[in-house]
DNA sequence: CCGATTGGTTCGCTAGATGAACCAATGGTT
DNA sequence: AACCATTGGTTCATCTAGCGAACCAATCGG
């Protein structure tokens, strides 16, 4: 069977399916919208959106609240998500390590992977404290800020450059949006093997990230802890960095082991 | 706007979308199958399945392992699932109550709702013990066995009868598959307000379930604890039953409160 | 009381999805 | 090593199924 000639996924896509999945993701991001609003945001025709909604609803991927005629995710979406958690190696294997890192540091932990040009949180852990960072599992954002920087640092140069050549969104005034400075930062991350971010994603938030590498030397994910700046003193930092790095190494090793069964 | 005339969801369904969602669910249940096997199981034509797979993959709902040409759920599925967990009232609100019930009894907890003619686990909790029942979040099975009995007991009579009129699958030799006896059991559950199941779903497993009711008197879910039979002595049972029932009542109240905001 | 907007429905047209047939590559069997 | 069944992937003429414009009745806000 043909091994390498790249199969042409793009040219076989079924338009109706793409549109439906788009609507589904729209509803995931913005629940409780009505037909008209969904139509507007999706840029499709109303009749089409309505039909897609019917199909999605009939399969229980979405459900419409009885009277208000407004849509949100349904039970099938729940089921799919939980199946995904079991099927996706990294989410499953990382679980225990994330929990350990969390309870030993007492701070929120996130595991993020590249999803297209975004950084997506695939697993997380939250401490039982009044003040904490939200884990936001399933959340997605550009990878040029916060722990995403680590993810970006270890991508192919080509990918990095195309991403740097586009306008970069500033989340706070501390977000680095200058390509040249960012290039410097990325080089630093590559040589040091970790990254500490101060208020780049939201003010008063500090995060410490380290890369999870595959046996082929490619990056798989970033693991990081996030804490309110007040809780991370200058003296505490080095210990935390080492704790995060060792968790990242441990996860890298476990993943490598799982790929070569036996 | 028309209030009651039932909108005709069925007749607007888009075939390609239905087929795609079917394939997606197939992959959720049985990951790591190849094109041919998926084609066989879905009963569609190979070309169609291939196109659907392309669309699903392009949107990251599934991903194909590089060389083995085999498919499993992708990152978008994860993201959707986590969004669903946040959007679906019952899954979100039940979280703390489930955890409390779990840690106070030391046994696995499940919250199950009706999904079509099945009972679907929407949330769960597992103890940190060597021997325990699996939570199986996202799992689905017929509702005539185990805690599903409670779900069935409080459905409309019409629904109950149509379900009873069909052949009932026996999971173990203790599963009740006789319509008449089952009718008796259901009546009992309705009058007592709880149900204790011994090895109906799998041997050596006991479960104690109570219904979560809506303000309209309709059933919303069942909450139950599941334990190895050996850990539940005759003398312990009454206390456990009361603990489960009170958790169910608490959840019912919380849900009622959330529906009438303010 | 009115105009704007909502969710839902109809219908004729044709773009686009469809399935049968085909291909090359692979792997187990003899 | 020659075989055959099976795999993942591709093509193309056919015709159906999805399409959007237009429409409807029910609400809502003012």
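Chains as they are written, first to last, in my numbering: chain A, 14 to 275; chain B, 14 to 275.
Yeah, the Cβ is synthetic: ideal placement off N, Cα and C, and Gly gets one too.
Do you know whose CA, among A:195, A:171, A:172, A:128, lies nearest residue 181 (chain A)'s CA? To locate residue 181 (chain A), count along the first chain from 1; it is residue 168. It is A:195.
Helix or strand or just coil, what does DSSP make of residue 173 (chain B)? For the purposes of this step, residue 173 (chain B) is identified with residue 160 of the second chain, where counting begins at 1. Helix.
Give me the chain A residues within the contact set of residue 74 (chain B), using Cβ-Cβ distance strictly less than 7 Å, ordered along the chain. Taking the second chain and counting its residues from 1, one reaches residue 74 (chain B) at position 61. Within chain A, the residues near residue 74 (chain B) are 34.
Same chain only: Cβ atoms within 7 Å of residue 85 (chain B), ignoring 5 sequence neighbours per side: Here residue 85 (chain B) refers to the residue found at position 72 when the second chain is read from its first residue. Cβ neighbours of residue 85 (chain B) beyond the five flanking positions: 40, 44, 45, 75, 76.
Please work out which residues of its chain come closer than 6 Å, Cβ to Cβ, to residue 26 (chain A), disregarding the five sequence neighbours upstream and downstream, and give them in chain order. Working through the first chain from its first residue, we reach residue 26 (chain A) at position 13. For residue 26 (chain A), where only same-chain residues beyond five positions count, there are no Cβ hits under 6 Å.
With 16 other CB atoms within 10 Å as the buried threshold, where does residue 73 (chain A) fall? In the first chain, residue 73 (chain A) corresponds to position 60, counting from 1. So residue 73 (chain A) ends up on the buried side.
Among B:88, B:97, B:57, whose alpha-carbon lies nearest the alpha-carbon of residue 36 (chain B)? One-based indexing of the second chain puts residue 36 (chain B) at position 23. For the residues B:88, B:97, B:57, the minimum Cα distance to residue 36 (chain B) belongs to B:57.
Could you give the first and the last residue of the continuous beta strand (DSSP E) run that contains residue 6 (chain A)? Here chain A comprises residues numbered 14 to 275, so residue 6 (chain A) is not present and cannot be evaluated.
Enumerate, from N- to C-terminal direction, the unbroken alpha helix (DSSP H) stretches of 4 or more residues contained entirely within the segment 86 to 120 of chain A. 88 to 100, 102 to 118
Applying the criterion that 16 or more other CB atoms from any shown protein chain within 10 Å of the CB defines a buried residue, is residue 224 (chain B) buried or exposed? Walking along the second chain from the start, residue 224 (chain B) turns up at place 211. Buried, because 16 or more other Cβ atoms sit within 10 Å of the Cβ of residue 224 (chain B).
Any idea what DSSP makes of residue 235 (chain B), helix, strand or coil? Sequence index remark: in the second chain, residue 235 (chain B) carries index 222 (1-based). Three-state result, residue 235 (chain B): strand.
Let me confirm a value: residue 200 (chain A) is counted as buried when at least 16 other C-beta atoms fall within 10 Å, else exposed. Which label applies? Translated into positions along the first chain, residue 200 (chain A) becomes position 187. It counts as exposed.
Rank B:70, B:234, B:188 by C-alpha distance to the C-alpha of residue 124 (chain B) and give the top, closest one. Counted from its first residue, the second chain places residue 124 (chain B) at position 111. With distances taken between Cα atoms, residue 124 (chain B) lies closest to B:234.
Using a Cβ cut-off of 8 Å, pull out every chain B residue sitting near residue 135 (chain A), in sequence order please. Position 122 of the first chain, counting from 1, holds the residue named residue 135 (chain A). 88, 91, listed in chain order.
When DSSP labels each residue in this structure, what does residue 271 (chain B) get in the three-state scheme? Position 258 of the second chain, counted from the first residue, corresponds to residue 271 (chain B). In the structure shown, residue 271 (chain B) sits in a helix (DSSP, three-state: H, G or I).
Can you tell me which residues form a DSSP beta bridge with residue 123 (chain B)? Start at 1 with the first residue of the second chain, and residue 123 (chain B) comes out as number 110. B:137, B:237.
Outcome for residue 144 (chain B) when other beta-carbon atoms lying within 10 angstroms are tallied against a minimum of 16: Stepping through the second chain from its first residue, residue 144 (chain B) is reached at position 131. Residue 144 (chain B) should be labelled exposed.
Can you say whether residue 242 (chain B) is buried or exposed, counting buried as having 16 or more other CB atoms within 10 angstroms of its CB? Translated into positions along the second chain, residue 242 (chain B) becomes position 229. So residue 242 (chain B) counts as exposed.
So what's residue 131 (chain B) in DSSP terms, helix, strand or just coil? The residue you call residue 131 (chain B) lines up with position 118 of the second chain. In the structure shown, residue 131 (chain B) sits in a strand (DSSP, three-state: E or B).
On a Cα-Cα basis, can you pick out the residue from A:114, A:202, A:53 that is closest to residue 278 (chain A)? The question about residue 278 (chain A) has no answer here: the residues shown for chain A are numbered 14 through 275.
With 16 as the cutoff for other CB atoms within 10 Å, does residue 179 (chain A) come out buried or exposed? Within the first chain, residue 179 (chain A) is the residue found at index 166, counting from 1. By the neighbour-count rule (16 or more Cβ atoms within 10 Å), residue 179 (chain A) is not buried but exposed.
With respect to the alpha helix (DSSP H) encompassing residue 63 (chain A), which residues constitute its N-terminal and C-terminal limits? Within the first chain, residue 63 (chain A) is the residue found at index 50, counting from 1. Start and end: 59 to 71.
Let me know if residue 248 (chain A) comes out buried or exposed under the rule of 16 or more other beta-carbons within 10 Å of its beta-carbon. Position 235 of the first chain holds residue 248 (chain A). When all chains shown are included, residue 248 (chain A) counts as exposed.
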